[in-house]
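Trainee: According to our numbering, the sequence shown is numbered sequentially starting from 4. C-beta: ideal position from N, C-alpha, C; glycine also. Below you'll find the structure I mean.
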Amino acid sequence: MSKRKFSTLPQTDSPEDLVRQVVDACTDCDCCRSIMDTSCLFFPEIYTLWDREQETGEQITAEEFRRLVDLCNFCALCPCPDIRADIITAKTLFIDREGLAPYIRTLEDVERVGKLCGAIPRLANSMLQSKPIGNLIKKSAGIHAKRKLPVFPEESFPSWARRRNLNEQPSEHRHRKVAYFAGCTARYLFPDVPKAVIKVFERNRISAYYPEQNCCGMPSMLEGDRKLTLTFAERTVSHLAEVVSEGYDIVCSCPTCGFMLKNALVEGAYYSKEYQDLVGGDERSMKIPEVKKSLSGPSGGHRLPTELNAKFGEHHMTSETMKVGNATDSSVNKMQLRVLDKSIYGKILKDDGYFSDIDPLKRIDVAESTYDLGEFLLNLHHRGEFNSELAPVPGETVYYPPCHQREQEIGTPYLDLMGLIPDLSMKSFPSTFHCCGIAGIMGFKRDFHNASIHMGSRLMATIKQLDPDYLITDCLSCRLQFNQMNTYPVLHPVEILCKSYNIR
Numbered sequence: 004m005s006k007r008k009f010s011t012l013p014q015t016d017s018p019e020d021l022v023r024q025v026v027d028a029c030t031d032c033d034c035c036r037s038i039m040d041t042s043c044l045f046f047p048e049i050y051t052l053w054d055r056e057q058e059t060g061e062q063i064t065a066e067e068f069r070r071l072v073d074l075c076n077f078c079a080l081c082p083c084p085d086i087r088a089d090i091i092t093a094k095t096l097f098i099d100r101e102g103l104a105p106y107i108r109t110l111e112d113v114e115r116v117g118k119l120c121g122a123i124p125r126l127a128n129s130m131l132q133s134k135p136i137g138n139l140i141k142k143s144a145g146i147h148a149k150r151k152l153p154v155f156p157e158e159s160f161p162s163w164a165r166r167r168n169l170n171e172q173p174s175e176h177r178h179r180k181v182a183y184f185a186g187c188t189a190r191y192l193f194p195d196v197p198k199a200v201i202k203v204f205e206r207n208r209i210s211a212y213y214p215e216q217n218c219c220g221m222p223s224m225l226e227g228d229r230k231l232t233l234t235f236a237e238r239t240v241s242h243l244a245e246v247v248s249e250g251y252d253i254v255c256s257c258p259t260c261g262f263m264l265k266n267a268l269v270e271g272a273y274y275s276k277e278y279q280d281l282v283g284g285d286e287r288s289m290k291i292p293e294v295k296k297s298l299s300g301p302s303g304g305h306r307l308p309t310e311l312n313a314k315f316g317e318h319h320m321t322s323e324t325m326k327v328g329n330a331t332d333s334s335v336n337k338m339q340l341r342v343l344d345k346s347i348y349g350k351i352l353k354d355d356g357y358f359s360d361i362d363p364l365k366r367i368d369v370a371e372s373t374y375d376l377g378e379f380l381l382n383l384h385h386r387g388e389f390n391s392e393l394a395p396v397p398g399e400t401v402y403y404p405p406c407h408q409r410e411q412e413i414g415t416p417y418l419d420l421m422g423l424i425p426d427l428s429m430k431s432f433p434s435t436f437h438c439c440g441i442a443g444i445m446g447f448k449r450d451f452h453n454a455s456i457h458m459g460s461r462l463m464a465t466i467k468q469l470d471p472d473y474l475i476t477d478c479l480s481c482r483l484q485f486n487q488m489n490t491y492p493v494l495h496p497v498e499i500l501c502k503s504y505n506i507r
């Protein structure tokens with residue numbers, strides 16, 4: 004099975020043709036008819052439409068194809084990256100042809116909404132929480148009347164960070180050089196989370212740097228808005244690649260941002276001419292990094308790309324070891340390369356996807372230097388560098404691992420970290436197919452609210468059965484849904500660490 008996630012935008016195929024190919028491929032396999040029946044909106048609909056075709060002969064219409072792609076939220080729970088790639092491509096082609104609804108342009112730009120409302124938080128909250136005015140705003144923004152809106156804080160994280168001079172590089176580093184990428188929801192809706200990140204870093208002798216940053220681009224990509232997505236992505240790669248060149252690790256507390264930086268942006272970059280020239284590929288061979296987990300942890304070695312976790316046949320390939328660090332620096336680490344016959348693989352392994360216009364070496368630098376916060380802290384622990392002077396935090400908790408954290412294939416580092424806290428009882432969910440149903444901004448849309456609530460109902464029933472003192476999740480979009488559907492307090496794992504460190 005190919006591990007391609009973002010396909011080239013076709014020049015001739017219509018989006019309807021591409022969705023037709025997806026329908027045919029999925030129904031020919033039929034695997035997701037059962038495994039994705041309750042945790043996904045897309046697959047139940049695809050099989051409903053297919054079954055109707057087979058039973059009545061009534062063909063799937065263009066309008067049904069159009070609606071079908073909007074049901075995919077790129078949660079990555081399904082087993083086929085190619086299918087997700089084609090859905091995103093089809094959605095993008097639809098938007099290129101039809102344009103984007105004005106209310107979507109508002110919802111997809113979380114950063115802009117956060118800045119506008121955050122500039123006048125009291126007035127914004129008064130208007131949004133007032134029923135008459137709030138309902139009018141919801142209606143004009145395409146938000147369902149029953150969707151709870153978040154409360155904007157008195158001070159955003161960027162403002163707090165500027166007051167502490169975190170936007171300036173530390174004059175000296177006591178331990179490690181960390182650049183923190185906070186994410187839009189944390190920066191403008193839940194600033195206590197990034198504040199807790201900074202405080203936990205400080206307790207571990209890390210002087211964090213909050214560099215220039217904008218939205219990672221995931222919300223707009225899921226809406227098919229390629230122009231805005233590439234604008235965000237180009238800025239992000241440019242800013243962060245410069246930071247990486249100065250020796251920083253990038254750490255994300257938002258799993259969606261981490262997935263975007265580590266997985267999505269780097270797709271195809273290792274097949275580019277620039278990378279092949281760097282590692283010694285030539286007209287007869289391509290050299291691709293082997294896939295393995297990093298054993299060295301933060302700042303300690305070359306971490307290999309999860310996109311290449313494919314089972315190449317053993318024919319027409321050999322292996323070699325070379326010394327290389329980040330693609331544009333001069334640090335030296337050993338890296339195992341798989342050498343492929345270019346006459347066979349050169350036509351299918353190309354850097355021609357969604358982000359191929361962005362410098363591939365910078366995309367690689369950013370991806371290989373980015374860590375999930377839990378992953379980073381757990382690696383510190385494994386190296387004996389984590390401050391484990393943790394006080395008891397009594398309570399029964401349940402940890403929910405978000406979809407994009409699971410897709411990073413880093414395990415569940417927060418479960419291990421929380422296990423270091425005395426008296427904290429933490430349970431995990433028995434199934435990896437539980438979904439909260441928020442699906443980013445999809446759950447806010449008027450047309451998808453009821454489906455969002457229905458999709459999350461099984462998870463909420465499980466939570467009620469477990470009856471914890473509070474919930475823990477590292478996804479703040481999931482927190483919005485938990486706040487919508489139950490009354491349990493919700494915390495980010497780093498907020499629990501702050502409690503255990505007795506940091507206020």
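Mind checking C32: buried by the 16 CB within 10 Å criterion, or exposed?
Mentor: exposed
Trainee: If you draw a straight line from the C-alpha of E48 to the C-alpha of H384, how long is it?
Mentor: The straight-line gap from Cα to Cα measures roughly 45 Å.
Trainee: Output the residue ranges of the alpha helix (DSSP H) runs that lie fully inside the region 203–284 and measure 4 residues or longer, sorted by chain position.
Mentor: For secondary structure counted as the alpha helix (DSSP H) over 4 or more consecutive residues, the region 203–284 holds these complete runs in sequence order: 221–225, 229–248, 258–262, 276–282.
Trainee: Do the region 283–290 and the region 335–354 meet, that is, are 3 or more Cβ pairs less than 8 Å apart?
Mentor: yes
Trainee: Measuring straight from C-alpha to C-alpha, what distance separates R177 and L500?
Mentor: Each residue's Cα considered, the two are about 21 Å apart.
Trainee: Under DSSP, the alpha helix (DSSP H) around K149 begins and ends at which residues?
Mentor: Per DSSP, K149 belongs to no alpha helix (DSSP H) and is neither H nor E.
Trainee: Take A144 and list the residues in its own chain whose beta-carbon comes closer than 6 Å to its own, dropping the five residues that flank it on each side.
Mentor: Once the five neighbours on either side are set aside, the close Cβ partners of A144 are Y106, T109.
Trainee: Taking DSSP as the reference, what is the three-state secondary structure of I413?
Mentor: I413 falls in the coil class under three-state DSSP.
Trainee: In terms of alpha-carbon separation, which member of D419, V154, C438, D280 lies closest to G459?
Mentor: C438
Trainee: Got a sec? Which residues, its chain only, sit under 6 Å from C78 by beta carbon, not counting five neighbours each side?
Mentor: C406
Trainee: Identify whether R287 lies in helix, strand or coil by the three-state DSSP scheme.
Mentor: Correct three-state label for R287: coil.
Trainee: Reducing DSSP to helix, strand and coil, say where L500 ends up.
Mentor: helix
Trainee: Do you know how far the Cα of G227 is from the Cα of S503?
Mentor: 42 Å
Trainee: Taking the alpha carbon of C120 as the reference point, which residue from H147, I90, P156 has its own alpha carbon closest?
Mentor: Per the Cα distances, P156.
Trainee: Expressed to the nearest angstrom, what Euclidean distance is found between the alpha-carbon atoms of M445 and A93?
Mentor: 17 Å
Trainee: Among Y274, E245, K265, K180, which residue has its Cα nearest to the Cα of M221?
Mentor: K265
Trainee: Could you pull out every unbroken alpha helix (DSSP H) segment of at least 4 residues lying fully inside the region 346–411, listed in chain order?
Mentor: 363–371, 376–385, 406–409
Trainee: Can you tell me whether H495 is buried or exposed? The criterion is at least 16 other CB atoms within 10 Å of its CB, across all chains shown.
Mentor: The Cβ neighbour count for H495, taken over all protein chains shown within 10 Å, is at least 16; the residue is labelled buried.
Trainee: Using C-beta distances below 6 Å, list every residue in its chain close to M130, excluding the 5 sequence neighbours before and after it, in chain order.
Mentor: I136
Trainee: Would you check if the region 364–377 and the region 267–275 touch, i.e. whether three or more CB-CB distances between them fall below 8 Å?
Mentor: yes
Trainee: If you draw a straight line from the alpha carbon of N170 to that of N217, how long is it in whole angstroms?
Mentor: Here the C-alpha atom of N170 lies approximately 13 Å from the C-alpha atom of N217.
Trainee: Within its chain, find whatever has a CB closer than 7 Å to the CB of W53; leave out the 5 residues flanking it on each side and keep chain order.
Mentor: V26, T30
Trainee: I'd like to check one pair, Q411 with I441: are the Cβ atoms closer than 8 Å?
Mentor: no
Trainee: Going by C-alpha to C-alpha distance, which of L479, C481, F447 sits closest to K142?
Mentor: F447
Trainee: Which whole-angstrom value is the C-beta distance of P258 and Q408, which I expect to be below 8 Å?
Mentor: 4 Å
Trainee: Quick check on this structure: which residue in I123, A244, R69, Q279 has the alpha carbon closest to the alpha carbon of E19?
Mentor: R69
Trainee: Taking the straight line between their C-alpha atoms, what separation do you get for R167 and Y50?
Mentor: 54 Å
Trainee: If you run the structure through DSSP and keep just helix, strand and coil, what is F485?
Mentor: Residue state, collapsed to three classes: helix.
Trainee: Between V40 and C34, what straight-line distance do the alpha-carbon atoms span, to the nearest angstrom?
Mentor: Val is not the amino acid found at residue 40; the sequence shown has Asp there. In a straight line, the C-alpha of D40 is about 10 Å away from that of C34.
Trainee: For M338, which option in V113, T373, I291, F358 has the closest C-alpha, if you only look at C-alpha atoms?
Mentor: Measuring from the Cα of M338, the nearest candidate turns out to be I291.
Trainee: For P124, which residues of its own chain have a beta-carbon under 7 Å away from its beta-carbon, when the five flanking residues on both sides are left out?
Mentor: F155, P156, E157
Trainee: On the premise that P397 lies in contact with D426, defined as a C-beta separation below 8 Å, what is that separation, rounded to the nearest angstrom?
Mentor: With 8 Å as the limit, D426 and P397 qualify as a contact, their Cβ atoms being about 5 Å apart.
Trainee: Going along the chain, which residues of its own chain have a beta-carbon closer than 7 Å to the beta-carbon of Q279, five neighbours each way excluded?
Mentor: M289, K290
Trainee: State the CB to CB distance for the pair L192 and G250, rounded to an integer number of angstroms; the pair is presumed to be in contact (CB under 8 Å).
Mentor: Incorrect: roughly 31 Å between the Cβ atoms, too far for contact.
Trainee: Can you tell me whether Q509 is buried or exposed? The criterion is at least 16 other CB atoms within 10 Å of its CB, across all chains shown.
Mentor: As displayed, the chain neither begins before 4 nor continues past 507, which places residue 509 out of reach and without an answer.
Trainee: Express the C-alpha separation of T232 and A104 in angstroms, rounding to a whole number.
Mentor: Going by C-alpha positions, A104 is about 16 Å away from T232.
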